[in-house]
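Asker: Here you go, one structure.
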Amino acid sequence: MLQQTGIKIFCWTLGGTVVAAGLGFLFALSSRTEVGAAGITIRRGFGHGRTYPWREIRWIEVRESRGQQGSALAVRITLANGRRRILPAIHRSRLYPGPHFELHYAKVVGWWRAKTEPAARIQPPPR
314 MLQQTGIKIF CWTLGGTVVA AGLGFLFALS SRTEVGAAGI TIRRGFGHGR
364 TYPWREIRWI EVRESRGQQG SALAVRITLA NGRRRILPAI HRSRLYPGPH
414 FELHYAKVVG WWRAKTEPAA RIQPPPR
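When the letters of the sequence shown are read in order and numbered with the numbering used here, they come out as residues 314 to 440.
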């Protein structure tokens with residue numbers, strides 16, 4: 314009887330782990346960045362996401378972070394209120410080579426430059 318209980322617990326734990334990993338994978342696949350005339354829309358997971366109008370975006374840069382898996386590059390925006398946001402799906406790392414990283418980054422910067430005045434582009438101080 315005790316052995317059967319242990320097997321059931323193992324099966325439920327394994328099943329829960331597989332379901333959680335699957336949901337995490339789907340969440341990551343559905344995260345994306347959309348760029349257009351209205352601004353930058355960040356969608357993380359499921360839902361409509363959040364659009365940041367061009368007038369709120371003060372700076373766009375590539376951020377490099379280093380970890381155990383090597384370095385990773387991501388595009389980050391700084392908003393008028395000082396908050397910073399990483400743009401999902403525009404990144405490059407050892408696990409995700411991101412062959413079109415530069416192209417996507419150039420697209421974001423191109424829209425930003427076309428939709429903002431130079432005086433509104435303010436580089437934030439380093440943290």
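Here a beta-carbon is modelled for each residue, glycine too, at the ideal position from N, C-alpha and C.
For a test of the three-state rule: what should DSSP assign to residue 415, helix, strand or coil?
Answerer: Residue state, collapsed to three classes: helix.
Asker: Can you have a look at residue 409 and say buried or exposed, based on whether 16 or more other CB atoms are within 10 angstroms of its CB?
Answerer: In the assembly as shown, residue 409 is an exposed residue. Its beta-carbon has fewer than 16 other beta-carbons within 10 Å.
Asker: Going along the chain, which unbroken runs of the alpha helix (DSSP H) with 4 or more residues stay wholly within the segment 351-432?
Answerer: 414-428
Asker: With C-beta atoms as the reference, is residue 355 less than 8 angstroms away from residue 421?
Answerer: no
Asker: Under the assumption that residue 345 contacts residue 402 (Cβ atoms under 8 angstroms), give the Cβ distance between them as a whole number of angstroms.
Answerer: 5 angstroms
Asker: If we call anything under 8 angstroms between Cβ atoms a contact, is residue 399 one with residue 370?
Answerer: No, the pair does not count as a contact, with Cβ atoms beyond the cut-off.
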